[in-house]
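Enquirer:
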Amino acid sequence: TNTTSINFSSRKFFSISCKMRPSMAEATSSITYQKFVHFALEETMKHTHLAPSILQEKYGCLTAMDGETELQMQSFESPKIRLLRSLFIEGSDGMQVLDFAIFPRAEFDLPIFCANFFTTPVISIVVLDLNPLHDVINRQDYKKKYYEHLIPLGVKYGELLPWGGKITAESMKFFSPIVIWTKFPTSEQKHRLLYSAFEDYLKSWLELMDQASSETDLSRITANLEAQHKYLTWRAEKDPGHQVLTRLIGEARAKEIIRSFLFDGVEELGNRTFTDYFPEYKRDDGTINQKRSMIGKSFESRPWDTRGEFIGDS
Ligand code: BLA
């Protein structure tokens, strides 16, 4: 049946390169992002045919310099998906990281699915969103097309997983009215809640994908491409995961994984540089200001109201 072939193929993908040793987290607690990855692949395969990405040959399993922490990478593509990739990290010290994203092909103006979870035994830092490809504050048509029907979902999880406080102001432009930005003391209860949110957000994204039809207007395709390139350029330069990755695998390999795996396309989808897109970061000598934020941190509380209207830093 269809189901067995799904199970078979996902198992096959999982065993490509990772040691099948028992998960360290499984032995001590039920907090692991492994099952998020399993769910996401199986669920996505119910909607589309996932083929391994060319990146899969190069990026599979990696052991960090501590000899203990494992980084598991997987990547796929499909007719509407340019790149679905997952980085799952399980640290010897109880650290768990998930960076899971789905980037649509340029013919589609679909949002970018984004799940970024950083967990230590003490604290969890979470971003879960369908990141908008286009401006959701000024372009009502785009907001209506993809988010209007999802506002109740965002309100539900926004209450269960409350706003995490001030963030890098620049990041807000990449977030949608249904973004879940939260921090909480790590607990199994919150972990289960986050799993439900992840399931619901992914299912919502997959429904949007099902309905999406290919753009034929070249100017629209170009606009989608530019927007995705700007997004990749931002994240490849300023992603908060940079430091942790550098500590785990060293600067050179961290840079490579960020530019060629996590945010693959940053080199190929456009020619503009970080400071072309974000000139406020340009130093006098032309180099990029290393600060994460030029504006500073803001948005103490949720800048979207329960109707999905942007209320800003009120
Ligand atoms: C913190 N991660 C954060 C914060 C945000 C994000 C908003 C709060 C700090 C800040 O305001 O910058 C996530 N920011 C995002 C996302 C986008 C964005 C998803 O602009 C998308 C547009 N985080 C990871 C990975 C690791 C990680 C892979 O995604 C580790 C390997 C770690 N994130 C991490 C850590 C912190 C953090 C350690 C807290 C420390 C810090 O703020 O630097």
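Remember, our numbering sits 882 above the position in the sequence shown when you count from 1. Backbone N, C-alpha and C fix where the C-beta goes; we use that ideal spot for every residue, glycine too. Note that the structure is predicted; figures quoted are calculated from it, not measured.
1. What are the residues that DSSP puts in a beta bridge with W1063?
2. What residue does the alpha helix (DSSP H) around V1126 start on, and which one ends it?
3. Report the three-state DSSP secondary structure of V1148 (helix, strand or coil).
4. Alpha carbon to alpha carbon, how far is L1144 from S968?
5. With distances taken between CB atoms, is the gap from A922 to F982 smaller than 8 Å?
6. Is it right to say S1196 is buried, meaning 16 or more other beta carbons lie within 10 angstroms of its own, or is it exposed?
7. Taking the C-alpha atoms as reference points, what is the distance between S960 and L1107?
8. Quick check: is any heavy atom of the ligand BLA less than 7 Å from the C-beta of S1190?
9. Going by C-alpha distance, which of T945, T914, D991, F918 is nearest D1099?
10. Applying the 10 Å Cβ sphere with the 16-neighbour rule, what's the burial state of D1092?
11. Could you give the first and the last residue of the continuous beta strand (DSSP E) run that contains R964?
12. I want to check one thing, is the minimum distance from the CB of D1195 to the heavy atoms of the ligand BLA below 7 Å?
13. Using DSSP with H/G/I as helix, E/B as strand and the rest coil, what is A1134?
14. In angstroms with no decimal places, state the Cα-to-Cα distance between K940 and I1193.
Expert: Reading off the structure:
1. One-based indexing of the sequence shown puts residue 1063 at position 181. Partner residues in the beta bridge of W1063, as assigned by DSSP, are V1009.
2. To locate residue 1126, count along the sequence shown from 1; it is residue 244. Element bounds for V1126: 1123-1131.
3. The residue given as residue 1148 occupies position 266 in the sequence shown. In the structure shown, V1148 falls within a coil segment according to DSSP collapsed to helix, strand and coil.
4. Walking along the sequence shown from the start, residue 1144 turns up at place 262. Walking along the sequence shown from the start, residue 968 turns up at place 86. In this structure, the CA atom of L1144 is about 8 Å from the CA atom of S968.
5. Within the sequence shown, the letter at position 40 stands for residue 922. Within the sequence shown, the letter at position 100 stands for residue 982. With a cutoff of 8 Å on beta-carbon distance, A922 and F982 are scored as near each other.
6. As a working mapping, residue 1196 is identified with position 314 in the sequence shown. It counts as exposed.
7. Working through the sequence shown from its first residue, we reach residue 960 at position 78. Working through the sequence shown from its first residue, we reach residue 1107 at position 225. Taking the straight line joining both Cα atoms gives about 17 Å.
8. On the sequence shown, residue 1190 is found 308 positions in, with the first residue counted as 1. Note that residue 1190 corresponds to Gly in the displayed sequence, not to Ser. Outside the cutoff, so no.
9. Start at 1 with the first residue of the sequence shown, and residue 1099 comes out as number 217. Among T945, T914, D991, F918, the Cα nearest to that of D1099 is on D991.
10. By 1-based counting over the sequence shown, the position of residue 1092 is 210. So D1092 counts as exposed.
11. Here residue 964 refers to the residue found at position 82 of the sequence shown. Start and end: 963-972.
12. On the sequence shown, position 313 is the one that residue 1195 refers to. Taken from the Cβ of D1195, every heavy atom of the ligand BLA lies 7 Å or farther away.
13. Here residue 1134 refers to the residue found at position 252 of the sequence shown. In the three-state DSSP reduction, A1134 falls in the helix class (H, G or I).
14. Mapped onto the sequence shown, residue 940 falls at position 58. Mapped onto the sequence shown, residue 1193 falls at position 311. If I take the Cα positions, the gap works out to 44 Å.
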